[in-house]
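Reviewing the structure listed below.
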Amino acid sequence: MDTFFILSAKYLYILPILILGGYFFTRKWPAQRRMALFAISAGVLTYVIGLIASHLYYDPRPFVVGHFTPLIQHAADNGFPSDHALLASVLAMVGLYWSWRLGAVLWAIAIVIAIARVYVGVHHPIDVIGSMVIAVIATSFVYVVMKYVSHKTIS
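Encoded structure:
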């Protein structure tokens, strides 16, 4: 069981990239363009908000406060927010806005990543939940703005 969580905590974030990338390449050019603009905008905004949040809230890693050795090596820095959960969550949100099924699969992977990061001892639950909330808010904001702008340019 430890092996599953170790591998998930370290490497599972690659799977949503591959899945969303594969989905992207099955779309025709106009949809690819919109999807790329949406994903890049949402990704950048999510990253910036995550960076700001890391300066506003400091959460020592569980192995630092609990004085134990985590299952994977990690620097003893701020654990909030979880970069792995942040990336997986923003990809899940992008997928969700394009396809409910795609989004559900990507969210399932994001949740496994979040659980694994907590299980191996490098994040507290607040770190991964915060990442998910940041991704949902940032991606939803980008979606609303892009929808508004596209309606304005069509009118």
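The sequence shown begins at 2 in my numbering and counts up one residue at a time. The beta-carbon is built from N, C-alpha and C at its ideal position, and this holds for glycine as well.
Shown here, P31 sits in a helix according to DSSP, grouped into three states.
Distance from the Cα of F142 is smallest, within the candidate group V91, S100, I116, V119, for V91. Annotated three-state conformation of P61 is strand, per DSSP.
The C-beta distance from V134 to F64 rounds to 24 Å, too long to meet the 8 Å contact threshold. Closest option to N79, judged by alpha-carbon separation, among H68, Y59, I7: Y59. In this structure, the CA atom of F81 is about 27 Å from the CA atom of A37.
Under the DSSP assignment, Y12 falls in the alpha helix (DSSP H) whose first and last residues are 3-12.
Per DSSP, I73 lies in no alpha helix (DSSP H) segment and is marked neither H nor E.
Out of Y120, F5, I15, V146, the CA that lies nearest to the CA of F69 is found in Y120. P82: not part of any alpha helix (DSSP H); DSSP gives it neither H nor E.
When the Cα atoms are used, L21 and S100 turn out to be separated by approximately 11 Å. By the Cβ neighbour-count rule, T27 is exposed, with fewer than 16 other Cβ atoms within 10 Å of its own. If you look at V106, you'll find it in the alpha helix (DSSP H) that goes 101-120.
Inter-segment contact for the region 9-20 and the region 108-116 is present: three or more beta-carbon pairs are separated by less than 8 Å.
For the pair A77 and R62, the CB atoms are nearer than the 7 Å cut-off. Non-local beta-carbon contacts of T140 in its own chain, meaning distances under 7 Å to residues more than five positions away in sequence, involve A43, T47, V91, M94, V95 in chain order.
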